[in-house]
Each structure stands twice: as structure tokens, then as C-alpha cells.
Amino acid sequence: MGQVAWKGLFLSLFDYKTEKYVIAKSKKVGILYRVVQLSILAYLVGWVFIVKKGYQDTDTSLQSSVITKLKGVAFTNTSELGERLWDVADYVIPPQGENVFFVMTNLIVTPNQRQATCPESDRIPDALCYKDGDCRAGEAVVAGNGVKTGRCLKDRDSIRGTCEVLAWCPVEKRSKPKKPLLASAENFTVYIKNSIRFPKFKFSKMNVLATNESYLKSCRYSTEHPYCPIFLLGNIVQWAGSDFQEMASEGGVIGIQIEWNCDLDKAPSECNPHYSFSRLDNKFAEKPISSGYNFRFAKYYRDAEGVDYRTLIKAYGIRFDVMVNGKAGKFNIIPTIINIGSGLALMGAGAFFCDLVLLYLIKKSNFYRGKKYEEVKSTSRKSFSSPTLNGNQSPDQVGGL
Amino acid sequence: MGQVAWKGLFLSLFDYKTEKYVIAKSKKVGILYRVVQLSILAYLVGWVFIVKKGYQDTDTSLQSSVITKLKGVAFTNTSELGERLWDVADYVIPPQGENVFFVMTNLIVTPNQRQATCPESDRIPDALCYKDGDCRAGEAVVAGNGVKTGRCLKDRDSIRGTCEVLAWCPVEKRSKPKKPLLASAENFTVYIKNSIRFPKFKFSKMNVLATNESYLKSCRYSTEHPYCPIFLLGNIVQWAGSDFQEMASEGGVIGIQIEWNCDLDKAPSECNPHYSFSRLDNKFAEKPISSGYNFRFAKYYRDAEGVDYRTLIKAYGIRFDVMVNGKAGKFNIIPTIINIGSGLALMGAGAFFCDLVLLYLIKKSNFYRGKKYEEVKSTSRKSFSSPTLNGNQSPDQVGGL
Amino acid sequence: MGQVAWKGLFLSLFDYKTEKYVIAKSKKVGILYRVVQLSILAYLVGWVFIVKKGYQDTDTSLQSSVITKLKGVAFTNTSELGERLWDVADYVIPPQGENVFFVMTNLIVTPNQRQATCPESDRIPDALCYKDGDCRAGEAVVAGNGVKTGRCLKDRDSIRGTCEVLAWCPVEKRSKPKKPLLASAENFTVYIKNSIRFPKFKFSKMNVLATNESYLKSCRYSTEHPYCPIFLLGNIVQWAGSDFQEMASEGGVIGIQIEWNCDLDKAPSECNPHYSFSRLDNKFAEKPISSGYNFRFAKYYRDAEGVDYRTLIKAYGIRFDVMVNGKAGKFNIIPTIINIGSGLALMGAGAFFCDLVLLYLIKKSNFYRGKKYEEVKSTSRKSFSSPTLNGNQSPDQVGGL
């Protein structure tokens, strides 16, 4: 022993140990195993590598910047507002051109509101009254516009009236033009500039191609011009499956999805945005309370005496949410190895399944079980130099999985 | 050979090869292996399949649209502003009803500011002066409101004064009402409409249930009404663990999380939002510089002479951030197979561990090592028809892992 | 049989079955296998455990709240606006201090616009005309400011004129100051308060350290002060690789990334934000149509007669997008086991590869193939008590993978 033993120990480190296999001449199981192997191989090559691009490292943490710019004017002539021209500064809220913007298409204007007392709107159930006692002074009207003063205001001859409120007076008359005021907003255009960056791969791109300026001035996005970043509002709404005039009247929310799905193993010019449009608010006509989109805002003025007054606007319109998401992939050795490795590991599971069939489900299972499992008994008395092989001891191997 | 050999080759493709096993009649290791197997099985079934729903394909790229709408009025009577009623258009900033909205609950108003010269606030260290030389003309006051004109303005008898500045004059007097002005904002309600869509499964849902309209007009979210989308601001703040009056005075940020965790193998009606509330700014009273939430904005007016003046408002209040996230899962064969496969692969690791015990850690290790490993020597002279089996050659197998 | 057989069956459940290995005394393949094993081990320990911290459960669903606050004043003296001081309420849009804010640095002011008729700007191609017939009444000017009235307005002597439009008059004269008006915005500061929370681990932190207040009043973020949350706008733009004066003139978008990469196995004080800055819009000077950032907004006034007029402002400036992302990890037994298990499964793939070499690529492949695969034939007549081992039957084992 001694030095020789250590040398043997060291050398044995470089012996290769490989599993001993038993060849079972069972064509049934053999074909089954080949089918399983081919399925796993097909899954690995077809799904993992070709469809899911498992050989690539991916980056989904996209940095994105969206700048939107609307163009278009609309002319309206109503009894309330007279002749009026609406331009971008009038109908885009907020004006900053971020990824969420609202285009006002219909509105209820309540001009010259001042802090005063006046009758509450008679459409509000809580404001209805028969006598002063119904209007508790100092109490806010539920879902109303002001605080009750304690008086019940009635028309001559009528029994029922409405509570007087301290509010911005006169209060809003709730009636919305049936036809949207800015129906022509359908022809407005929006220019969407979107720069993206995949930080992991230090790859940047923009949805505006390096084409000549005049193209950008005249093009409109369509299936023929998939890389033109200028969209007609009417088209966007139509592609989202809605009717512009109905939406302009009631309001709604449209999502503009920009998807960047880039294979950076290919040329950068192959990495292009894909646009899709969907309606984000639900549009069930049967649920009026939860459909549409509107909000109230006010413009504040001060008169010569220094008293504030305001114009209250209930704006209906379409909110556009530009949502950018993306994924970039590039060849990397580590995911490639992992995917191959786990695919091969799956083969082990296949073999396990075929073993079950071989050992328990076919006619000659008993025989193969005896061949596969070699029983060894350690008895301190005698040490066999050949394994004890017993081909027909069925109950012993039942726990073979 | 020839044709016969090729036929044999082809047929041998469908022979099934299965690992040969040695049965070690060691109850210790056998029980250990069964325990390991059961643990892996329990992990696979319990954790991977039942808890993590590993048989499902998941979609986490939720498309979400949030529309918020506040209701409520507040009446205030202060020496500064007189009797005043505040409605939605007054206290909600911005008015659009997006997923982030701010409710103004306290404010410092500085009316009638004009471009002029006036003394800087004496609370700003950089504006304090003893003589004109301390106020370098044209220099901006650090953290101040204007640009120094070069004069030091003092009260009679006092040694110390403040620099004169060119600014919107008069400058803001920094004193905030101790009691929040709009303390009654606690009773305002917010109606949160949230539509979501899981694009991978083409599944859409809304947090507003298809109940009758009158329920939506009167309900308030609570543990009894978990699907009512109307929230009392006071409740939100309380559920987030804060005190409304204190928050209304100093300002703060509240997060409203809406979580959609949908198992699409079940009925769509089982996919319901879950709301939770948390305070997002930190509220350590010991760090006044970093607590609270406020900002300044101005309303601009023009007088008869065409000169601009403004009302500066320092607004304190509560910002609400509605954050939606979700996950949907649906049965899919691919993740199911992958999870079963990798679970079985884990069994291999268990077997490896038990092998270590069998071959190196138990008393009869030596014996089993000899049985497990069958040494074959290839000698060109003679070719044994049976393997050379040697049961007791300890140093050679030490590298057996 | 009977009871004895069942007992045997039960006991055999606790026999340990271990694969029988053949020791191939091939040093080449042995060394190859050790190299593969070491590579996998190195990958597992080095990449999976040390670099990727595979022993940790991670949370990437960060809850974040950003509050921004600008400080700084600028004094301008132009022929158009006269002496004017700009403070935070003037140049920050929107004023709320959210995670996206815009600092106005240059502007084109068109004061006193009223609804009227006037000549369209002669820079708009669609508005050029030679005779009234070129201006179809009621038609909106493409990319223009109003609706044509049908008249073509010409200067004396000139052949070409511009269409008269109904618009907010006078229309904007398109000329932007070459030098940015608020060039001194470079010295403005922004205080970014960011609170984060990892819900899975119930861990909260803020980017403002619990230092004394005076430090926060005077510090500026730099490599020496990496935890100071107050940033000089000029520095941010410089770190993003842009020139402030050029950006102030044309506008642009800057991203401020805050990254929280927290190892919660360490002390909470080790979890600190990391700031980075990048330009988000592209800045290719050769594409003027797609560079820069600007938008139009208006301030509305009402004169003594109750007629609305407005000041139109085309604002150029820098939009800052504060983007927070993060990841927290904490030790968890489940990912640890999974990663070890799948690492070991990878070893199986290594063994498979070495088997290929042993059985098909080395000189003595034939011999080893015979040793590894033990052919068993099931013949109903006789049952061998020892396996049929045949060392040299090459064509039969070719399908051995």
C-alpha cells in the first residue's frame, strides 16, 4: 500500500464510470422510447429553440420615451358658444404631449359661475324638498354641487322644490349635446415619437425611420405604411373596433400598444415597432353608469372688483394611452447550454416512463425486471466474485420505481 | 455481413436500452431514498402544482385602464378667503381622472402677486442682510423667490433686514393653517373604474360588476362590500394606517393597489379584483424635511391694463396612486410537461445523494462500491467474455461521484 | 407464498436500487468527464450561486412613489416680455411634482389671441394662394391654425398671398429665440424623494438618508455624495451626455433611472439606490423633424365685455422622466434546492456527452459498447442465470444513444 495506493487513488479519479445498460429486445418498448425521444427532440428544437429562441439572452426591461403631438382644428357654431374655432391648445388635455393624452370632443359649458346661493339641480334626488325642514342647513347635498342653506325653493304652484345651496352658481344643467360638438376630431392626426433602449444590449431605436422629411409630413399609418408614425384619430378608433361618433359623444379610453420584438442577432433594421389598438374602457351600452369617460374642470377668471368667477366645463372625449413594451434577444452561450441540458434531463423522464412500461406493463415484464435489477447480498462470511442473478423473483422488485 | 448487417443495425435502433440496477439490501439507504422521493413528490405536487399552479401558462402583461371620479363638496369660512365652497373642479389636480390624482386639503394662498420689487421673506437665510453690500445685485436668492436688486431693506431701529428682490410680489408668507382647510375631504368619495385585459388569453374584465345601477349609487367599499368600486377617502387613509387629519394637514401619498389574480380554468366570475392600501411616502415625524407632500401652482389673471398678475397657491394634500397588477393562468400542456420532467430530474439528484451515502458513509460501503462499479479492462491480447468483477478494491473507486 | 410473499414485497420497497456502473479505464474520456463536471460545478457555483444569487427568492414587483420638487428662479429681459422673473409656478409643468416633470427653458409667446379672422402664417404650404378660389371656404388649413374663409389676402404688388382664416388671431409667428430664454435653468435644482417597498419581504426604504436636515439643504448629488437626493439640472443633462444650452433651446427628454438592487440577507443600510441618467429622445441633428420636445398651451383670460382671449405659449424645454426599478433577494430554501437539482441534472447531460465519446469516437469504442450494453434475450425455453455478455457485436449497438 502507501505510495502505490495513493497513486492508484489518483489515477482512478480519471477512470470514466458509465452506467451499465441492459438491452431489452422488446420492439414495443424500443419504438415507444424512440417516439418519446423524438417528441422531446422536436419540442426542444421546435418550441424551445425555434419558437421561443431559447439560445438567446433576453432583455425585457425596456426604457421608453413617448412624445405625442396632435394636429388639427375644428370649427363649431352653437347657440351657446357662437362661432368658435378649436385648436390644439383648446382641446388637448394635458398639453404636454406625454404618453397619455385626452382629446375633448364634446362638452357642457356652464359659464360665469360665482360663489353664491341658488337652487340645486332638480336631477339630484337628495336636493328635492317639500319644506325648508327637508334642507338641513350646512349639510352637503349627496352627489350634488353645494351645501344646503336651509331653504326650500319652489316654483309658484308646485308642491315640490329643490333646496337652495351655497355653491358655484348657477349649477350645471345636466344635458349633453347628443351630437358631439367636435365631431370633426375624426380627422385630427397624432404624431407619436417613441424612442426605446434595451439597456442590457445597449441598443437604441426610434419608431421614426430615417426617411426624408416630406414623407413624414404627408404619410398616414396604415397597413401599407406600417412605419409611418402619424395616425388619424378616426382610424385608431376604428381599428380598436369602436365607432368614432358614438365615442366622441360619450367618451372612452383607447389603448395604443407599441410592441418592439427585436432579434438582435439580425440586422438592427429588422427591429421594428408593431402597433395595435384596443378599447380599454368597457363599452357595454347596457351599463350606462360605467361607460364613457368625462371629467370636469374650470377656467378661473377675476373681474374688475377682484371677485373670482369661473367657467365650468364637463369634458367628454377620448383618452389615448400609448403603452410601449418590448423584448430583445441576442445569442448567449449560457441559456443555450441550460436549455440543451434541461432538454436532455427531460429524456431521463422519458426513459423513466418507458422503464415503467417495460417492467410492469408488458408480458415479459417479469423477465426484464430480473435482468434490470441485480440483487447483491452482503454476507460477512462469503464474498461472491460474481453477482447473484435471479431472473424470477417477482414480488421483490415491485417497488422498482 | 452486408445486407444482413444493415438490417441488424436498423432493428437494433428499436431495442430498448435500460440502465442496469444493483439492488442493495440496505434498509437504511432504502428508507432514506424513499423519504427523498416522497419529499420531491410532495414538493412537486404540493408546491409546484397546487401552490404555484405549475400546470398553467401564465400571462402577467396586463393591459389596464383606470378612470377615477371624485365626488364631494366642502364649505370653508376663513378670514383670508371668506365663505367659499370647494367642488371637484377646485380641489382635484389634475382634473382628468387618471390613475394618479391629488386632492387638495390645505393651502396657503398668496393673492395678487405682480412682477415688482419687494422684501424677500425673512425666513430665508440667504436673504438676511446688514447693509446693501450683502445683497449682490442680479444674484438669485438661494432657495428664495427672486433676484436681488442690491438694496437691503430694514425696519426702523433694527440692525438686520432682508434683501430687496425682483419677484412676484408680495412673496409668500410661509405659514400653513394648523388645521387642514378641507378637513371634510374625509367624506369625499372616489369611484375607481378599472378595466383589465390579459392579451395572451383574450380575457377582459372590469372591477364594476354587472349589478343594478342603484347599488353603485349607494354602496361604499368595505369588507362587507368587497366588489363595490366606490371608496370613502377617509377609509382609504385609515386602511393605509394613517390619520386623515394629520395627512390632510401635511400632505402625503397613498397607494391603492388593485390586484387581479385570475385562474382562468375556473369561471370568469371567480376572477375578482383585490384592493389593498398603503402609504407610499414615509411618514417619519422626526424627519420634517422629507415628510408630507405639497407643491406650488398659480392662477394667472390679466387686469384691464393688460398687466399679468397671479394667485400663488401652495397646495398640501393627498396624492392617490392607483396601481394595477395581475396574473392570469390557464392550463397548458407545455409547462405541465416541463414541470413534471424537471421534478423527475430532481429525483436523479436524490439518487445521487443516496449513492453517496451507500458508497461512502455506511459500514458496508466497500462491498456495495464493488458491486456498483464493474471494472472492465481492454487488453488487445485477450478479450474476456465476462466482466472482471472485483469486490474489494477500495482505493480505486474513491472518485466515484 | 401468501403472507410471506406480501412481507417480501413490503420489505423490497426499502431495498435501495442503484445504477450499475462500468468503469472504463480510458484516461482520455475520464479526464474529459472530470473537465465537464468541473465546468458544470464552476457554472453552478460561480454563475448560478455567486453572480445570480440562485439561493435567493427574489421580488421584482416594486412599489414606488416619487415626489419631485424644483427650486430656482430666473430673470429675463426681452423686448417682447420686458423684465420678468420666472419662478417654479411659472416654469414647471405640470406643477404636481410627480415622476414626470417638464422644465420650460424657451418659449414663443403669442399674446392677446382672439377668435377672429386674419391671414394664416405664410410658412404653411397649404395656406398659400394666388386667388380667392385657392382658399375653399370652410376647409381647415392642413397643419395650420384655422379654417379658411374663402378670401386670399395679398400684400400690394405681390402675386402670392395667404388665405384668410377664422382662428385664434393673430396666428403664431414661427420664430424661436436662438438662445434659450431661461438659460440659467442649468442652475435649478430638483429634490427627488423616492420611497420604495418590496411587498413580498415587507421591506421599505427611502432614498433620503436619515442624516441631519442641514446636509440636505446644502448637498448636491455627485460621485462624492452618492446618496444626496438633490440634483443640479445642468449636471443631470451633462451626465446624460448632452449639452444643456442646446437642449434648452430645442427641448428634449432625459431619463433619470433609480435602481434599487437589494440583498436583504445583508443589513438594510446596504440597500441603496443607484442613479443613472440617459437621453431618451434621439438627438440626431440631421433629422430636425424628429428632434427636440415642445408643446403648445394657452392661458385664458376674459375681458370686461366677457369676451375670451388667450396667450398662446409654445414651450420648449426638458422633460425629466424619473423611472424606478429594483429587485430584492433573500435566502429561501426552495430556489436553492431547485438550482442544485437542475445543476446536477446538467451533470447527466455531461455524462451523456462523454458516453457518446466513449462509445463512438475513441479507438476502443467497440469494446466499451459491448461492456456497457448487456444484451438479454427472453426465451421461454431456458432462463439463463447469468447474463449473455457479448463483447464484439458492433452493428447491434449503433443506436445506443
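Residue numbers (this note's numbering), protein chains in the order written: chain A, 55 to 455; chain B, 55 to 455; chain C, 55 to 455.
Backbone N, C-alpha and C define an ideal beta-carbon position, used for all residues, glycine too.
Closer than 9 Å, Cβ to Cβ, to anything on chain A: give me those residues from the stretch 70–100 of chain C, in chain order.
K71, E73, K74, Y75, V76, I77, A78, K79, S80, K81, K82, V83, G84, I85, L86, Y87, R88, I94, Y97
Burial state of S93/A, where buried means 16 or more other Cβ atoms lie within 10 Å
exposed
Chain-ordered residues of the stretch 129–143 of chain C with a beta carbon less than 9 Å from chain B:
F129, G136, E137, R138, L139, D141, V142, A143
Note down the Cα distance separating S434/C from K418/A, rounded to an integer number of angstroms.
With a pLDDT of 47 at S434/C, under the threshold of 50, the predicted position of this residue should be treated as unreliable, and no value is reported.
Measure the C-alpha to C-alpha separation of D362/C and K185/C and round it to an integer number of angstroms.
32 Å
State the start and end residues of the unbroken alpha helix (DSSP H) segment that holds R423/B.
419–426
Short CB-CB distance (under 8 Å) between I392/C and chain A:
no
List the residues of chain C that Y184/A touches, going by C-beta distances under 8 Å, in chain order.
Per Cβ cutoff of 8 Å: no residues; Y184/A is ~38 Å from chain C at best.
Within the stretch 312–384 of chain C, ranges of the beta strand (DSSP E) (whole runs, at least 3 residues):
327–333, 348–356
Suppose contacts are defined by Cβ-Cβ distances below 8 Å. Is C325/C in contact with L86/C by that definition?
no
Partners in chain A for W222/C, counting only beta-carbon separations shorter than 7 Å
L139, D141
Quick check: Y348/C and K368/C, are their CB atoms within less than 8 Å of each other?
What sits at residue 348/C in the sequence shown is Asn, not Tyr. In this structure, K368/C lies closer than 8 Å to N348/C by Cβ.
Exposed unless 16 or more other CB atoms sit within 10 angstroms - verdict on N153/B:
buried
Is it right to say Q150/A is buried, meaning 16 or more other beta carbons lie within 10 angstroms of its own, or is it exposed?
buried
For E267/B, report the span of its alpha helix (DSSP H) as first-last.
267–272
Check whether the Cβ atoms of V127/A and W140/A sit closer than 8 Å, and answer yes or no.
yes
For P253/C versus S115/C, is the C-beta spacing smaller than 8 Å?
yes
Looking at the unbroken alpha helix (DSSP H) that takes in I391/B, where does it start and where does it end?
387–410
Using beta carbons (cut-off 8 Å, strictly below), is Y355/A in contact with chain C?
yes
Beta-carbon neighbours of L334/B, restricted to chain C and to distances below 8 Å
Q117, S118, S119, S249, R251
Find the nearest neighbour of L67/A within the set G84/C, Y427/C, L63/C, judged by alpha-carbon distance.
G84/C
Of the residues that make up the stretch 396–416 of chain C, which ones have a beta carbon closer than 8 Å to any beta carbon in chain A?
S396, A399, L400, G402, A403, A405, F406, C408, D409, L412
Give a yes or no on whether the C-beta atoms belonging to T72/A and A59/C are separated by under 8 Å.
no
Got a sec: which bits of the stretch 199–218 of chain B sit with their beta carbon under 9 Å from any beta carbon on chain C, in order along the chain?
N199, G200, V201
Nearest residue (CA-CA) to Q169/C, options C172/A, D144/A, Q169/A, D180/A:
D144/A
Ignore the nearest five residues each way along the sequence and tell me which others in L263/C's own chain have a CB closer than 7 Å to its CB.
Y281
Three-way DSSP call (helix, strand, coil) for G192/B in this model
coil
Residue nearest to K230/A in terms of C-alpha spacing, selected from A191/A, G305/A, T216/A, S276/A:
G305/A
Using CA atoms only, rank isn't needed, just tell me which of K425/C, W101/C, N386/C is closest to D319/C.
N386/C
When the Cβ atoms of the stretch 236–254 of chain B are set against those of the stretch 197–206 of chain B, are three or more pairs found closer than 8 Å?
no
Does DSSP classify V452/B as helix, strand or coil?
At V452/B the pLDDT is 39, less than 50, meaning the model places this residue with poor confidence and gives no usable figure here.
For the alpha helix (DSSP H) containing F298/C, list its first residue and its last residue.
298–304
Return the residues of the stretch 144–165 of chain B that lie within a Cβ-Cβ distance of less than 8 Å from chain A, sorted by chain order.
D144, P148, P149, Q150, G151, E152
Enumerate in chain order the residues of its own chain whose CB-to-CB distance from D210/A is below 7 Å, with the five nearest sequence positions on each side excluded.
In the sequence as displayed, the identity of residue 210/A is Arg instead of Asp. Here the set comprises nothing.
Any beta carbon from chain C within less than 8 Å of V58/A's own beta carbon?
no
Could you spell out the range, first to last residue, of the beta strand (DSSP E) harbouring G136/A?
136–140
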